[in-house]
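*Asks:*
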Amino acid sequence: MCNPRELDARKRIGRGYIGDKSTPHSVHSVTFQPRGPAWNQDRVLMDKWNVCGQYWLFFAVLDGHSGNATADHTSRALPTLVRRKLRAFIQGPAGGRLGRRNLEDNAPKISTLFKSEIESFDQSIGDALRKICPRPWELSEEQARELIEKHEDVVERAFSGTTLACTLVNIELRCVWAAIVGDSSIGLSVIDVDGTSQGQRLCDVHSFKDPKEYFRAVMAHPYIEQPLFESDRLLGWFS
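Each residue of the sequence shown is one higher than the one before, starting from -3 at the first, in this note's numbering.
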């Protein structure tokens, strides 16, 4: 039996996590925030789509930071955008259906579509702010406050942020496409016929502790934007 201290620790941990189970595929998810659910900025979602007679699953985990706005916006908007592009691709270039005969040719194209749609969505968040405020240095403090009050949702989405780990799954073909933004990761776990569990990482981790990732990020910015990293964080904010 647990002693009173262990019981108290379990209760406090239990108050800090949110568990969920989606139907009809019994997908379980758990997200944890030590300060309690009210502070939790994570979002977990699962959609099931019928695309040209085939069922697809879309999973996403978003780790929001500096507010809920970006994670909420992404969880609401991104799945619809990906589904539309996927449907248009299969109806058009893929010939109306994805199958074993055309999978080899079309799988890389779906990867490109998936990546492009995520990048375009990310770009749209900043573009929306630049559209309403193309020259922020010209604003007085009063004008800035008025703009924020009028376009609070646009400003909050650009100010806060989120990581993204998401997958597309074609149930019939048993194929998976995976994508990540930030320091999230995606793994695939399978059980062999002999009962042995095996796992593999599907995406490289985007961490600045990786020398290659550090070099890529630094070289993507001119010297006037350096130092890019402060206290082991991007711009002193993000890990």
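Note that beta-carbon positions come from the ideal geometry of N, C-alpha and C, so glycine has one too.
Which residues does DSSP pair with Q87 in a beta bridge?
*Replies:* Here residue 87 refers to the residue found at position 91 when the sequence shown is read from its first residue. Looking at the DSSP assignment, Q87 forms no beta bridge with any residue, so it has no partner.
*Asks:* Would the segment 78 to 89 and the segment 123 to 141 be scored as touching if the rule is three or more Cβ pairs under 8 Å?
*Replies:* In short, these stretches do not touch, since the Cβ pair count stays below three.
*Asks:* Let me know the beta strand (DSSP E) ranges lying completely inside the segment 43 to 114, each 3 residues or longer, listed in chain order.
*Replies:* List check, beta strand (DSSP E) in window: 50 to 61.
*Asks:* Quick check: the Cα distance between I167 and G49, rounded to an integer number of angstroms?
*Replies:* By one-based count along the sequence shown, residue 167 stands at place 171. By one-based count along the sequence shown, residue 49 stands at place 53. Answer to the nearest angstrom: the Cα atoms are 11 Å apart.
*Asks:* Would you mind reading off the limits of the beta strand (DSSP E) that contains V177?
*Replies:* For the purposes of this step, residue 177 is taken as residue 181 along the sequence shown, with counting starting at 1. That run of the beta strand (DSSP E) goes 171 to 177.
*Asks:* Go to L143, then tell me how far its alpha helix (DSSP H) extends in each direction, as first and last residue.
*Replies:* Counted from its first residue, the sequence shown places residue 143 at position 147. Element bounds for L143: 137 to 146.
*Asks:* Counting Cβ pairs, one atom from each stretch, are 3 or more of them under 8 Å apart for the segment 154 to 171 and the segment 83 to 92?
*Replies:* Taking 8 Å as the limit for Cβ pairs, the verdict is that the segment 83 to 92 does not touch the segment 154 to 171.
*Asks:* Would the beta-carbon of L160 fall within 8 Å of that of A65?
*Replies:* If you number the sequence shown from 1, residue 160 lands on position 164. If you number the sequence shown from 1, residue 65 lands on position 69. Against a cut-off of 8 Å, the Cβ pair of A65 and L160 comes out as no contact.
*Asks:* Alpha carbon to alpha carbon, how far is R93 from D101? Give it in angstroms, no decimals.
*Replies:* Taking the sequence shown and counting its residues from 1, one reaches residue 101 at position 105. Taking the sequence shown and counting its residues from 1, one reaches residue 93 at position 97. Between D101 and R93, the C-alpha separation is close to 13 Å.
*Asks:* Counting along the chain, where does the alpha helix (DSSP H) carrying V214 start and finish?
*Replies:* Translated into the one-based positions of the sequence shown, residue 214 becomes position 218. First-last of the alpha helix (DSSP H) with V214: 207 to 215.
*Asks:* Quick one: what's got a C-beta closer than 6 Å to V23's C-beta in the same chain, skipping five residues either side?
*Replies:* Indexing the sequence shown from 1 puts residue 23 at position 27. For V23, where only same-chain residues beyond five positions count, the Cβ hits under 6 Å are M42.
*Asks:* Which residue comes first and which comes last in the beta strand (DSSP E) that contains I182?
*Replies:* To locate residue 182, count along the sequence shown from 1; it is residue 186. Where I182 is concerned, there is no enclosing beta strand (DSSP E), given that its DSSP letter is neither H nor E.
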